[in-house]
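So the structure is just underneath, and the comments pick up after that.
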DNA sequence: GATGAATGAGTGTTCATTCAT
DNA sequence: GATGAATGAACACTCATTCAT
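Dropping the structure here:
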């Protein structure tokens, strides 16, 4: 299996993961059947199983992708030397989440919810979630440290704890967007700005 | 067959929901089988189906219970006339979440995650989630309005938007507690205090 | 699951094993599908799996039964105190084999062949075969020892070695009966008598 | 495309049969997959199917080879004019069986067992088995006839019946060797000698 | 001729639900 | 009412075989 095949394999895997993501976004991990994924992928059962050993392996690939979505954004955000206001970072993240969620090939945030639920009792997914979210939260800690350096955040607080809260606002945004449908980067940012400017 | 039977019915239903909650907390909605629930409940299959029409109905009952957990707390919190600091409310909520999660008959926060995931593609659960979380967020809005009255929160912001953020911190706390295991009411509150006291 | 059920369970298991034996005698272990066995048994898939955990477990039950068939006969043969001629024992065994093979609910000797083949690479069946055939061969050793006591067999030979040969004639009889179809207890006994009476 | 190709074809076929024999000896006819055989043979799927029309055809080739193993020996045995003691013939056969079984490219006796089981419900294999074993048993009949001529075997018995028994001892030896592991040409011959010298 | 990726019918097994006792 | 044995549609997955390159 030489040169051409390596790309081909990857393309096929993406094709399958894409189809699976679409199915899972719509029906969830457990009600999305392999028959669905196979049909959606346009391949045959045998072909799909040639690229993934099991449904669990496909689920892991989807979860990995869904939980990585926000992470990539931070490479752009953190690469500047200018001061980063916490509110600005949060806003960019929220807008990115919405953009990504509205793609036509399946709402990754819906898949993210599936991954959270699955991680609770599926060790393989738990590991992926732990890895991805540890990295993501580290980015928030970096943002917090910069804010402390800029003097916009008290320096007597552990930046990791601030990162917990900043990161912690994300799931709630995603959840409200999917379940209640009445949050947007604008409303959420407005609320956040008020809190950051409060003097409690 | 009046009162006694009605009580009996309710007791049986609670017995079943309790067993199901335990199973679901451990294995998730879909890997928790009816056989598991039946065994755990100590009843027979026929008996269980006498109290619930289907697994979906049991799932709905569990989801209802799991998503109501925090709500009850607010009746106590809001019943005072004294000023309510946002930080204090948040802290009490987080501590309540941890207390409730550590009960011996199954971690309801784990079930909550299941409910989030299920709500995405199960209309019955979506309705329950919408109802419960609308109420819960209303409590946060009340808190925000009080803070505006107290002058600890800018009054030119829509309290609903603040409620979105305050409520929105909860899922992230629960998620980090379950997946990463390194958050606590103390660390989260410390991070939140720093943000509330920031001057971004 | 009280008193009635124990018998019932056993009856059902026999019903399933009977059906499976019939299917396996006709198509072999691997081409006999569970669908075949289920249809033949008159039960549903779920019912069959309530009594046996897997196809392998059913195969083990069949193999056990098929490999035990000759064994039972020896209890009758050995219970007498009269002298047992080797030829007479062999003849009774062969006749028993034929009788058993011609039962209408499936030729157990065909299943026996399946079990031999399976034992080679299936440890569970290997264990069963080892156990059953160790017992069976022990009976032949007993017969040999009696023949030595009677003076019809040289006493300077290890009766276990004689048992190897006596037992060893059985598979060849079964095989020729099934594959070539031209052996019978009469012809085989005639050949054996000649050998026993030879002076090589 | 004359001679060279013909040789080539034969060599390739042997290569495939060798690989298949190895796989089947280890896993049996049905659990040895074509993928196994293809990998083991070092050829491609397409190539293998260029030399054999189907798995069944490969199985037939293996069965043919496995069931022929003992047969070849007799050409040597019968080519002498000297008296042939039955015991001596048997011993040479048993020793040959052991030698052949211990070859490093797969125990043919294990494959023989598979062939027996398969012959029961696979007409193609049944035909092969019938042919091979008819020939083999004929050799035993020849031996029996010679023993009658030598006066070491009663002449009033049908030599075919003696052949049934002599041939019939072989499967039992193979079976005990594979399943119980405690027989050898020595022990088996010792037992046989005792029986031949008995006066039942 | 050779390749090996693709095929898809068929397999063993599970599990929410029912209903005769 | 209560029981739990029975149901059977649905599921994830395999593997002998083909055929475009």
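Residue numbers (my numbering), protein chains in the order written: chain L, 483 to 682; chain W, 483 to 682; chain R, 483 to 682; chain Y, 483 to 682.
In this text, a Cβ means the ideal position worked out from N, Cα and C, and glycines have one as well.
Annotated as proximal: residue 655 of chain R and residue 576 of chain R, with beta-carbon spacing under 8 Å. For residue 661 of chain L against residue 601 of chain W, the beta-carbon gap comes to about 6 Å, under 8 Å, which counts as contact. Between the alpha carbons of residue 487 of chain L and residue 533 of chain L lies a gap of roughly 12 Å. Where residue 621 of chain W is concerned, the enclosing alpha helix (DSSP H) starts and stops at 605-632. Secondary structure of residue 515 of chain Y (DSSP, three-state): coil.
For residue 584 of chain W, no alpha helix (DSSP H) segment is defined, and its DSSP state is neither H nor E. DSSP, reduced to helix, strand and coil, places residue 565 of chain L outside both helices and strands of the structure shown, so it counts as coil. Any Cβ of chain R closer than 8 Å to the Cβ of residue 535 of chain Y would place that residue at the interface, and such an atom is absent. Residue 571 of chain W places its beta carbon 8 Å or farther from that of residue 582 of chain W. Interface annotation for the segment 648-662 of chain R against chain Y: 649, 650, 651, 652, 653, 654, 655, 657, 658, 660, 661, 662, criterion Cβ-Cβ distance under 7 Å.
With respect to residue 597 of chain W, residue 549 of chain W sits close: the two C-beta atoms are nearer than 8 Å. For residue 638 of chain Y, the secondary structure class from DSSP, reduced to helix, strand or coil, is coil. If you draw a straight line from the Cα of residue 664 of chain W to the Cα of residue 617 of chain W, it comes to about 29 Å.
Residue 674 of chain W reaches chain L at 647, counting residues in chain order whose Cβ is nearer than 7 Å.
If you draw a straight line from the Cα of residue 574 of chain L to the Cα of residue 573 of chain W, it is about 28 Å long. At a cut-off of 8 Å between beta carbons, residue 636 of chain Y contacts chain R. Not a single C-beta of chain L is nearer than 8 Å to the C-beta of residue 547 of chain W. With a cutoff of 8 Å on beta-carbon distance, residue 653 of chain R and residue 657 of chain Y are scored as near each other. Counting C-beta atoms within 10 angstroms of its own C-beta, residue 643 of chain Y has 16 or more neighbours from the protein chains shown and is therefore classed as buried.
Taking the Cα positions, residue 605 of chain R is about 12 Å away from residue 509 of chain Y. At a Cβ-Cβ threshold of 8 Å, residue 498 of chain L and residue 523 of chain L count as neighbours. Contact note: residue 497 of chain R does not reach chain Y at a C-beta cutoff of 8 Å; the least C-beta distance is about 23 Å. The continuous alpha helix (DSSP H) containing residue 671 of chain R extends over residues 667-678.
The beta-carbon separation of residue 645 of chain R and residue 626 of chain R, rounded to 5 Å, stays under the 8 Å limit for a contact. A residue is called buried when at least 16 other Cβ atoms come within 10 angstroms of its Cβ; residue 491 of chain L does not meet this threshold and is exposed.
Around residue 677 of chain W, the beta-carbon contacts reaching into chain L at under 8 Å are 568, 635, 644, 647, 648, 677, 678. Nearest to residue 555 of chain L by C-alpha distance, out of L:545, L:580, L:543, is L:580. In this structure, residue 519 of chain L lies near residue 501 of chain L, with their beta-carbon atoms less than 8 Å apart.
Under the Cβ distance rule, residue 590 of chain Y does not count among the residues neighbouring chain R, no pair being separated by less than 8 Å.
Counting along the chain, residue 556 of chain R sits inside the alpha helix (DSSP H) bounded by residues 537-560. Cβ contact annotation for residue 541 of chain L (same chain, cutoff 6 Å, sequence separation greater than five): 511, in chain order. The beta carbons of residue 537 of chain R and residue 516 of chain R sit closer together than 8 Å. Chain R places no beta carbon closer than 8 Å to that of residue 553 of chain Y, leaving this residue out of the contacts. If the five residues before and after residue 670 of chain W are omitted, its C-beta is found closer than 7 Å to the C-beta atoms of 576, 655, all from its own chain and listed in chain order. Residue contact with chain R for residue 512 of chain Y: present (Cβ-Cβ distance below 8 Å to some residue of chain R). Nearest neighbour of residue 628 of chain Y by Cα position, chosen from Y:584, Y:567, Y:607, Y:612, turns out to be Y:567.
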